[in-house]
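Asker: Sequential numbering from 2 applies to the sequence shown in this note's numbering.
Just so it is clear, CB atoms sit at the ideal spot from N, CA and C, and this is done for glycine as well.
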Amino acid sequence: MTEWKRKLAETGVPPESVGWAAFERTHSRQSEGSDEREWINSRAHTVAENYTKLSQERDSQRETDPSSSVCDNDSLFIEAAGGFDKKGRVFGYGAAASRLKPTKRSSSGIEDVSADEMKKMKALTAQMTQEQERMLEEQEKMRQMMIQEREMMEERMAKEREMMEEWMRRMQEEMMKQMQIQLKSLMNKGSGSAPGDDDHAGDDDDDHNAPV
C-alpha cells in the first residue's frame, strides 16, 4: 500500500478521492482538547489559505456572471498548492497527483475552445484590416477631391486674371486712340487758322501801298 493510500485509509477517505477533500483530511489533525482540526505544518496551512481565497474569488465571479466558465475544485487546489512540479507532482499528493491531471477529453475541449477563440480573433483582425483599408481609401478619395478642387480654382483664377489683363489692355488701347484723335483734332484746328491771318496781313499791305 502506498503512503497516499495509507493516509486515506487512516482518515476514512475513499482511495479514489482526490483534490481538496483528500488533502484536507490527510494534512490536518484533531487539535488537542478541541473539536477543531489544525494543519500539520505551515505549508499545508498556506495551501489552505490560498485555496480558501481562490474559492471565494470563484464564488464571487459566479454571482457576478453566472454564464462565465469557472475552475473546478481540483483546478483551484492545484493552483493553491503551487501547481505541478517538474516530475508532475503536487504538494501533498506525490505520485498520486496524476489523478489531478486533466484527461485527454478535457484537454481536447481546451484546445477546441482555443481554436474557436483563434478563429474569432482572426475574423476580428480581418474585419479591422478591411475597415482600416476602407478608411484609407476614403482618405485618398478626399485628398484627390481636394487636389482637383484646388486645381480647378487655380485654373479659374488664371482665366479671370487673363480676362482682367485683356480688359486693361483694351482700355489702354482705347484711351490711346482717343488721345490720338483729340491730338489730331487740335493739330487740324491750329493749321486751319494760320492761312486766314496771312490774308488779312496782305490786305493791310495793299491799303498802305495804294496811291493817294
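With Gln39 as the anchor, note down where its beta strand (DSSP E) starts and where it stops.
Answerer: Rather than Gln, the amino acid found at residue 39 in this sequence is Glu. Run containing Glu39: Arg38 to Trp40, per the beta strand (DSSP E) assignment.
Asker: DSSP three-state label for Ser29, please.
Answerer: Strand at Ser29.
Asker: Could you give the distance in angstroms between the alpha-carbon of Glu155 and the alpha-carbon of Glu163?
Answerer: Glu155 and Glu163: Cα-Cα distance of roughly 12 Å.
Asker: Spatial neighbours of Phe78 within its chain, please: CB distance less than 7 Å, with the 5 preceding and 5 following residues excluded, ordered by chain position.
Answerer: Cβ neighbours of Phe78 beyond the five flanking positions: Gly20, Trp21, Phe24 and Tyr52.
Asker: Say whether the segment 77-93 touches the segment 40-59, bearing in mind that this needs 3 or more beta-carbon pairs closer than 8 Å, one atom from each stretch.
Answerer: Result yes; three or more Cβ-Cβ pairs closer than 8 Å.
Asker: Short of 7 Å in beta carbon distance, which residues of its chain neighbour Glu167, apart from the five on each side in sequence? Order them along the chain.
Answerer: Answer for Glu167: no residue qualifies.
Asker: Pop quiz: Ser32 and Arg38 are said to be a contact at Cβ under 8 Å. What is the actual Cβ separation, rounded to whole angstroms?
Answerer: Confirmed, about 6 Å.
Asker: In this structure, how does DSSP classify Trp21 when only helix, strand and coil are distinguished?
Answerer: Looking at Trp21 - three-state DSSP - the assignment turns out to be helix.
Asker: Taking all protein chains shown into account, do 16 or more other C-beta atoms lie within 10 angstroms of the C-beta of Gly191, making it buried, or fewer, making it exposed?
Answerer: Gly191 is exposed by the Cβ-count criterion.
Asker: Please report the straight-line C-alpha distance between Ser35 and Arg44, rounded to a whole angstrom.
Answerer: Roughly 22 Å between the two C-alpha positions.
Asker: Taking all protein chains shown into account, do 16 or more other C-beta atoms lie within 10 angstroms of the C-beta of Gly93, making it buried, or fewer, making it exposed?
Answerer: With 16 or more other Cβ atoms within 10 Å, it is buried.
Asker: Alpha helix (DSSP H) containing Arg63: first to last residue?
Answerer: Here the alpha helix (DSSP H) through Arg63 covers Ser43 to Thr65.
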